[in-house]
Amino acid sequence: MMKKKQRRQLALFSVGVFFFWLIQFLFQRYFASVGDSDGAIIRSFAFAGMTLISASLFSSALFLWVPRLAQYWRFRRYLGVSGFVLIFLHVQAVMKLYFNFDTSVVYFSFNPLVNPIIFGSIAFMILFLLAVTSNDWAVQKLTPKVWKALHRFVYIAYISAIFHFFLMAPSGALNNLAGYLLIGMTAAALFGQIFWFFKIVSKKRFRSVGTVVGFSIIAGTLVLAYFVLRA
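Just so you know, we're using our numbering here: the sequence shown kicks off at -10 and counts up by one.
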């Protein structure tokens, strides 16, 4: 059960997220995607959602750099869940405005290099699972150890989302303030996660299970990035 202070914080945070999306939409509608109302709706949800998810991941690294900020860990959860909500709305908008909910058109190919929606679908399914378990009840029921293991799948989801966005974004879509903000937050999130991965595994002399998993994800990402850049 949330305390009164936490409910107030969540309410204020939700209002802030709404206005963040609204600014993104107005920017897309009147500056970046002039004359393309459908595109403005779809991209505003995508840009805002990915920016918030990136901020959530970056906050994990920030709390390690500045331990006294760790007391605000709930905001990391708020950022991640609100980011997913916006991505959910992005998906619904795409399905309605571009595909009219016809999945046969959406999944014309299961090769993610040919159909980047596959990358997006992988990211969405994982983020959905993480969002619905981002609460104290889930932590208690799953146990902290299992919960942490489950939420490490966020790295796979995040990389899949980046590849989806890179392949789907129209030419020049990132060459504006909203794009620069997203690129900056993405770079910060990736840097923070990689920095602390090497920092932590080096203390264990690169002999832990996490080391193998981490290097496997990095290697897989680099291989995929090679093919994505050639696509």
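Note that beta-carbon positions come from the ideal geometry of N, C-alpha and C, so glycine has one too.
Between Leu163 and Ile172, the C-beta gap is smaller than 8 Å, which places the two residues in contact. With contacts defined by Cβ atoms closer than 8 Å, Phe14 and Ser33 form a contacting pair.
Taking C-beta separations shorter than 7 Å and ignoring five residues to either side along the sequence, the partners of Val70 in its chain run Ala120, Ser123, following chain order. Around the beta carbon of Trp10, 16 or more other beta carbons sit within 10 angstroms, so the residue counts as buried.
Judged by DSSP in its simplified three-state form, Gly69 adopts helix. Annotated three-state conformation of Leu139 is helix, per DSSP. In this structure Ile115 is buried. Its beta-carbon is surrounded by 16 or more other beta-carbon atoms within 10 angstroms.
Scanning its chain for C-beta atoms nearer than 6 Å, with the 5 sequence neighbours on each side dropped, one finds around Gln17 the residues Ala29, Arg32, Ser33, in chain order. In the DSSP assignment, Thr92 falls within the unbroken alpha helix (DSSP H) covering 92 to 95. Residue environment for Pro105: buried (at least 16 other C-beta atoms within 10 angstroms of its C-beta).
A contact between stretches requires three or more CB pairs, one per stretch, nearer than 8 Å, and the stretch 182 to 190 fails this requirement with the stretch 153 to 170. Contact between Thr40 and Leu170 is confirmed by a C-beta separation of about 6 Å, below the 8 Å threshold. Under the 10 Å beta carbon count, Ala176 is surrounded by fewer than 16 other beta carbons and is classified as exposed. When DSSP states are grouped into helix, strand and coil, Gly209 belongs to the helix group.
Here Pro101 is buried, its C-beta having at least 16 other C-beta atoms within 10 Å. The straight-line gap separating the alpha-carbon atoms of Tyr61 and Met84 is approximately 36 Å. Taken in chain order, the complete alpha helix (DSSP H) segments of 4 or more residues contained in the stretch 18 to 79 are 26 to 54. Distance from the CA atom of Tyr67 to the CA atom of Phe216, rounded to whole angstroms, is 34 Å. Note on geometry: alpha-carbon atoms of Val198 and Val190 lie some 9 Å from one another. Taken through DSSP and simplified to helix, strand or coil, Leu163 comes out as coil. Shown here, Pro101 sits in coil according to DSSP, grouped into three states, outside any helix or strand. Annotated three-state conformation of Thr132 is coil, per DSSP.
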